[in-house]
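Heads up, the thing below is written out as structure tokens.
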Amino acid sequence: MWQFDSELSLEAFVNVHLLTLLDLSPLARQFFINSQVCDILAVSPQRQLTILELKNTEDRYIVQQLTRYYSAILTHKPFADQVDYSLPIRLVAVAPNFHAHNFIDRQYSQLLFEFFIFEVQSQSEQFQFCLTQPDGSLIRCIDIPSAFHATLMNMALPAPIEVERKLPPPPKSLRQLVETLAPTEQDYVLQLRQQMLMFSDQMQEVGRTTSTQYGLRKGEKDLYKTKLCAQFVPFYSGSDRPCLMLQLPYPKKEFGAPGRRFKPERVKGLTWTQVSHQKDLWNCTAPIQLFSYLGKTRNYHSYSYDLNTYAQMYFDLTGQERKLRSIADVVDLALGEWQQNLTTAK
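First residue of the sequence shown? That's 8 in this note's numbering, and the numbers climb one at a time after it.
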């Protein structure tokens with residue numbers, strides 16, 4: 008029996024394939040409203056809104072959860088320019104199976120809930136995602152692209168010793184920056200967030216007024232300033248689009264002694280570096296640029312690179328070869344440098 012390795016992975020797959028599975032177009036993922044986070048909001052060609060809640064395991068309280076989302080959505084009416092609120096809101100629960108209590112809760116609710124059961128089927132290293140009604144009638148089966156195969160796990164194999172880390176909803180500081188993004192852009196940002204938080208139990212997330220920082224926790228609600236790894240900040244003051252900043256290596260000049268002259272060779276230093284796609288920050292098809300800032304502000308960058316140029320600089324500086332093809336690769340580099348920083352500081 009195969010299953011997704013987390014609800015976030017299940018959510019990412021369904022969100023990308025909503026049109027094929029349920030003839031719906033995604034509006035938002037991890038949508039925050041009234042202190043709650045809806046998994047997916049989607050709309051039909053007729054502009055009818057659907058609230059989807061996805062579970063990777065059986066959940067006794069999914070009806071109550073959707074009821075709360077329904078109340079919040081109906082009160083605030085988000086995406087009013089894309090949704091016809093004169094039409095009934097669909098409430099859809101997707102899970103591998105449903106508890107008997109779910110059917111009792113649905114039977115006696117004044118709202119209409121739709122239950123869909125999903126199953127991951129495998130044959131000869133090929134995978135399909137199938138949706139059925141609780142009575143067994145098939146809704147649709149689609150192929151799972153190879154890009155998602157790494158997020159699948161065989162439940163028949165012994166469970167790994169490490170328990171999966173359950174990620175909390177994004178803090179308000181990050182939600183405010185992603186809520187205006189297109190669904191595909193939101194997914195992009197949230198996948199990078201997941202990559203950072205799942206890297207190590209030592210990696211913690213703290214939301215500030217406008218920024219969201221990642222690093223080593225200090226006390227209950229703070230991080231060590233010298234042990235930061237990344238942060239999402241507004242692209243510029245007053246912007247509602249997130250910009251990813253990473254602590255990345257750069258060629259640092261080092262003073263010699265005793266004349267305080269710089270040594271001719273460069274050593275590795277770490278500095279805040281903006282990592283984004285050209286022109287549009289979260290268009291994954293556009294080329295990637297890195298801007299390193301050595302000063303205390305982001306008024307002007309000290310170095311700029313494309314991925315190939317930065318990889319060559321990193322090799323010249325450290326003697327280590329890194330293949331950088333995506334922002335996820337750059338995040339992986341920053342995580343490794345952060346971990347090394349923690350280790351050498353002990």
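Glycine residues also receive a C-beta, built at the ideal position from the N, C-alpha and C atoms.
Contact check, residue i vs residue j, beta carbons under 7 Å
i	j	result
Ile47	Leu59	yes
Thr217	Pro178	no
Ala237	Leu253	yes
Arg36	Pro152	no
Ser299	Thr280	yes
Phe242	Arg248	yes
Phe20	Asn63	no
Asp221	Met203	For clarity, residue 221 is Tyr in the given sequence; the question names Asp instead. It is a contact, given that the beta carbons lie within the stated cut-off.
Leu61	Glu18	yes
Gln135	Asp112	no
Lys234	Leu251	no
Thr278	Leu301	yes
Residues of its chain near residue i, where Cβ-Cβ distance is below 7 Å and the 5 sequence neighbours each way are ignored
i	result
Ser129	Trp9
Asp339	none
Asn161	Trp9
Ala264	Per-residue confidence for Ala264 stands at a pLDDT of 49, beneath the threshold of 50, marking its modelled position as unreliable; no derived number is given.
Gln43	Arg75, Tyr76 and Ala79
Lys225	Tyr231
Gln285	Ala293, Pro294 and Gln296
Lys259	Arg273, Val274, Lys275 and Gly276
Arg182	Phe39
Leu363	Because the chain spans 8 through 353 in this model, residue 363 falls outside it and cannot be assessed.
8 Å contact criterion, which residue i and residue j should meet: CB distance rounded
i	j	result
His106	Glu65	5 Å
Val337	Val274	No, Val337 and Val274 are not in contact; Cβ-Cβ is about 21 Å, not under 8 Å.
Tyr257	Gly276	6 Å
Val213	Asp229	7 Å
Leu138	Leu28	6 Å
Leu174	Gln201	6 Å
Own chain residues within Cβ distance below 8 Å of residue i, not counting five before or after
i	result
Val90	Leu34, Val50, Arg54, Gln55, Leu56 and Lys84
Gln140	Phe122, Phe123, Ile124 and Ile146
Val95	Residue identity check: residue 95 is Pro in the sequence provided, not Val. The residues are Gln55 and Leu119.
Arg215	Ser180
Leu199	Leu251, Ile334, Ala335 and Val338
Reference residue i, options the options, closest by Cα
i	options	result
Gln346	Gln209, Gln296, Thr139 and Phe11	Gln209
Ile124	Phe134, Cys148 and Gln114	Cys148
Glu14	Pro176, Leu251 and Met320	Pro176
Leu288	Lys303, Leu188, Gly214 and Gln202	Leu188
Arg332	Asp229, Asp313 and Ala100	Asp313
Ser78	Lys62, Asn63, Leu98 and Asp88	Leu98
Tyr317	Ala341, Ser207 and Phe155	Ala341
Cys45	Val127, Asn315 and Glu186	Glu186
Phe155	Gly245, Ser16 and Ser246	Ser16
Val101	Glu328, Asn348, Val127 and Gly326	Val127
Glu344	Ser207, Ser244, Ser246 and Ser144	Ser207
Ser244	Thr304, His24 and Asn348	Thr304
Cys354	Glu192, Ser32 and Leu25	With the chain covering 8 to 353 only, the question about residue 354 has no answer from this structure.
heavy atom of the ligand MG below 6 Å from residue i C-beta
i	result
Gln43	Questions concerning the ligand MG fall outside what the structure shown contains, since it holds no ligand whatsoever.
Beta-carbon proximity list for residue i, same chain, < 6 Å, skipping 5 on both sides
i	result
Phe86	Leu34
Glu328	Phe322
Exercise for review: Specify whether the segment 107-121 and the segment 69-81 touch according to this definition: at least 3 beta carbon pairs, one from each stretch, less than 8 Å apart.
Suggested key: Flag = yes, the segment 107-121 and the segment 69-81 touch.
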